[in-house]
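For the sequence shown, position 117 matches number 507 in the numbering used here, and the numbering has no gaps at all. Quick reminder that beta carbons are idealized off the backbone N, C-alpha and C, glycines included. It should be emphasised that the depicted structure is a prediction, and the values quoted were computed from it without experimental measurement.
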Amino acid sequence: MHVIGAGPVGLMLTALLQPLEDISLLLYEKRDDYTRSRMVQLDPSLVAESVETFRELQTDQDDVEAIFHPLEIEDGVAFRTSIPDDLRLLIQQWTLGFSPLNEIERSLSSLIAERQEGSVERLAAEMSEQAIALAVEPDDIVIDCTGRNSLLRESLTTPGLSSDEGQNTVNLELEYSLVITFLYDQNYACNELCKYYKNSDNRTYKFIPSVARTFSDGDVSHVTGLVSLTSEEAATIPNECDGEWLRANRPEVAKSMDRFIDRVKGETHGEIVGDLQVLCIPLNLYRARNATNRLNLNEHDPDYRFSRSPVILAGDSAIGSPYFQSISLGFECAMYLASLISHPALTVDEVLDRYETYIFKQWLRVYMRSKKIKHDKDVFELVDDKLALLELIHLY
Ligand SMILES: Cc1cc2nc3c(=O)[nH]c(=O)nc-3n(C[C@H](O)[C@H](O)[C@H](O)COP(=O)(O)OP(=O)(O)OC[C@H]3O[C@@H](n4cnc5c(N)ncnc54)[C@H](O)[C@@H]3O)c2cc1C
């Protein structure tokens with residue numbers, strides 16, 4: 391099995407498959423070191439020990455119940471409880487609060503390296519589609535965990551469609567946004583009232599801390615917030631900048647953010663530690679129309695490189711939403727895939743079919759919740775303008 395990409399999802403999948411007999415894993419990673427230090431949170435339902443707890447822990451419980459059959463939920467929980475203790479303990483720790491992303495990546499890498507069992511070889515290499523095609527033997531499985539700019543997503547086409555019609559990435563642009571992160575030296579928690587009142591003087595460019603995105607680890611709170619922009623405004627801001635750049639070049643945006651921060655300081659009498667980190671990114675919701683190459687497998691197309699080898703997308707390669715805890719989604723996806731691969735009775739075709747159905751169901755869930763969050767954000771932006779608000783909502 392070839393796992394391309396040792397980000398959180400590639401590592402999780404490798405750690406789940408490592409104990410299986412008769413599988414050798416090659417894990418390819420292009421980065422020399424794990425440097426992404428942003429704080430991320432994992433969904434506590436990843437370590438639910440019963441169906442009841444799983445249900446209680448789901449923030450989108452109604453959607454999950456509407457989309458998944460009760461037996462699917464039961465199977466998911468059963469797999470979670472079968473995860474080896476060393477791995478389970480790590481996941482448990484990450485569901486308790488925020489952790490730096492690189493700590494998750496390093497801990498998983500060490501766990502894989504230190505285990506006595508299984509056959510995993512890690513290779514430092516930036517793989518191309520051609521390099522992977524050369525490396526695979528017939529019937530090897532290729533799992534693409536290369537993240538949102540997936541290496542193989544566009545190679546999974548629908549036969550019979552032209553390359554334009556057959557684009558495998560379905561992309562929905564939600565908004566452009568500044569993602570502003572800072573550390574604050576006091577305990578600061580945020581809810582909807584706080585978001586409203588601290589923005590009361592911001593007619594435009596409201597600064598909205600993301601849901602549950604403030605976390606205090608005792609002395610310091612980690613705050614991440616979004617400021618919506620138009621695409622034209624976003625085009626004038628670099629992908630990454632700091633508070634100084636923003637104040638000098640986009641003072642009207644910086645003022646809104648500073649007004650919000652001043653109110654936080656006024657209440658809790660603290661200070662920002664270090665500088666603000668500002669990312670300017672499009673917030674897109676996307677999915678792979680085909681998350682596997684089941685439609686191309688065993689087709690005798692001389693131009694198709696993987697007709698003898700199943701290719702599967704996992705994690706951000708398959709689905710992404712800016713408002714979702716995507717690592718948790720990716721971990722769920724890795725768990726489901728590992729449960730299929732470890733199922734002795736399933737044929738390759740059955741594994742691919744079931745995985746496609748699962749990814750489509752996850753997509754429905756992510757789509758519904760992301761649209762709801764975006765709608766709530768739009769309502770919040772207009773909450774003081776009654777007429778504009780009525781334009782935005784539809785009542786039946
Ligand atoms: C600002 C920000 C905040 C976020 N906060 C959260 C959060 O709080 N909670 C959460 O759950 N998620 C969060 N996310 C999303 C989360 O970081 C991603 O969902 C997650 O990293 C996806 O994991 P992945 O393993 O699928 O992909 P990635 O993390 O992108 O990993 C892909 C790996 O593949 C490697 N790779 C890529 N191409 C190749 C190649 N050709 N050859 C070899 N290796 C390759 C890369 O180097 C990388 O290591 C956030 C994202 C951003 C931008």
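Relative to ligand 1, Leu491 has its C-beta within less than 7 Å of a heavy atom. Residue Tyr418 holds the alpha-carbon nearest to the alpha-carbon of Gly400 among Tyr418, Pro409, Ile413 and Asp412.
Taking non-hydrogen atoms of ligand 1 into account, the C-beta of Ser611 is found less than 7 Å away from none of them. For Glu446, the uninterrupted alpha helix (DSSP H) run begins and ends at Val441 to Leu447, by DSSP. Shown here, Glu661 sits in coil according to DSSP, grouped into three states, outside any helix or strand. Beta-carbon to beta-carbon, Ile457 and Lys751 are separated by about 5 Å, close enough to satisfy the 8 Å threshold. The criterion of a C-beta distance shorter than 8 Å is not satisfied by Leu513 and Val701. By the Cβ-count criterion, Lys762 is exposed, with fewer than 16 other Cβ atoms from all chains shown falling within 10 Å of its own Cβ. When DSSP states are grouped into helix, strand and coil, Phe721 belongs to the helix group. For Ile749, there is no enclosing beta strand (DSSP E); the residue is found in the alpha helix (DSSP H) stretching over Val738 to Glu771. By the CB criterion at 8 Å, Arg684 and Ile709 fall outside the cutoff. Contact between Glu689 and Pro549 holds: their C-beta atoms lie close to 6 Å from each other, under 8 Å.
Rounded to the nearest whole angstrom, the CA to CA distance from Val654 to Pro528 is 59 Å. Under the three-state reduction of DSSP output, Val467 falls in the helix class. Taking 7 Å as the cut-off, one finds at least one heavy atom of ligand 1 near enough to the beta carbon of Met517. If only complete runs of 4 or more residues are kept, the region 482–563 shows the alpha helix (DSSP H) at 491–504 and 519–525, in order along the chain. For the pair Leu501 and Ile394, the CB atoms are not nearer than the 8 Å cut-off. If you draw a straight line from the Cα of Leu477 to the Cα of Leu403, it comes to about 11 Å.
Counting along the chain, the unbroken beta strand (DSSP E) around Ser618 starts and ends at Ser611 to Leu619. With three or more CB-CB distances shorter than 8 Å, the region 643–660 counts as touching the region 577–596.
In this structure, Phe721 lies near Leu436, with their beta-carbon atoms less than 8 Å apart.
Ile749 and Ala681 have their C-alpha atoms spaced approximately 7 Å apart. For the options Ser509, Ala438 and Arg426, the alpha carbon positioned closest to that of Asp412 is the one of Ser509. When DSSP states are grouped into helix, strand and coil, Glu634 belongs to the helix group.
Ser707 sits in a helix when the DSSP states are folded into three classes. Beyond the five residues adjoining it in sequence on each side, Asn492 comes within less than 8 Å, by CB distance, of Tyr424, Thr425, Arg426 and Ser427 in the same chain, given in chain order. For Ile457, no beta strand (DSSP E) segment is defined; the enclosing uninterrupted segment is the alpha helix (DSSP H) at Gln451 to Ile457. Annotation: Glu781 to Leu772 spans about 10 Å, alpha carbon to alpha carbon. With fewer than 16 other Cβ atoms from the protein chains shown falling within 10 Å of its own Cβ, Arg593 counts as exposed. Segment contact: the region 725–736 against the region 560–570, fewer than three CB-CB distances shorter than 8 Å; contact not assigned. Taking a contact as a CB-CB distance under 8 Å, the pair Ser707 and Cys535 counts as one, their CB atoms being some 6 Å apart. Under the three-state reduction of DSSP output, Arg695 falls in the coil class, being neither helix nor strand.
Ligand 1 has no heavy atom closer than 7 Å to the beta-carbon of Ala503. Within the model, the alpha-carbon separation for Leu406 versus Ile783 is close to 45 Å.
Note that the C-beta distance between Ile494 and Trp484 is below 8 Å.
Rounded to the nearest whole angstrom, the CA to CA distance from Val643 to Thr471 is 47 Å.
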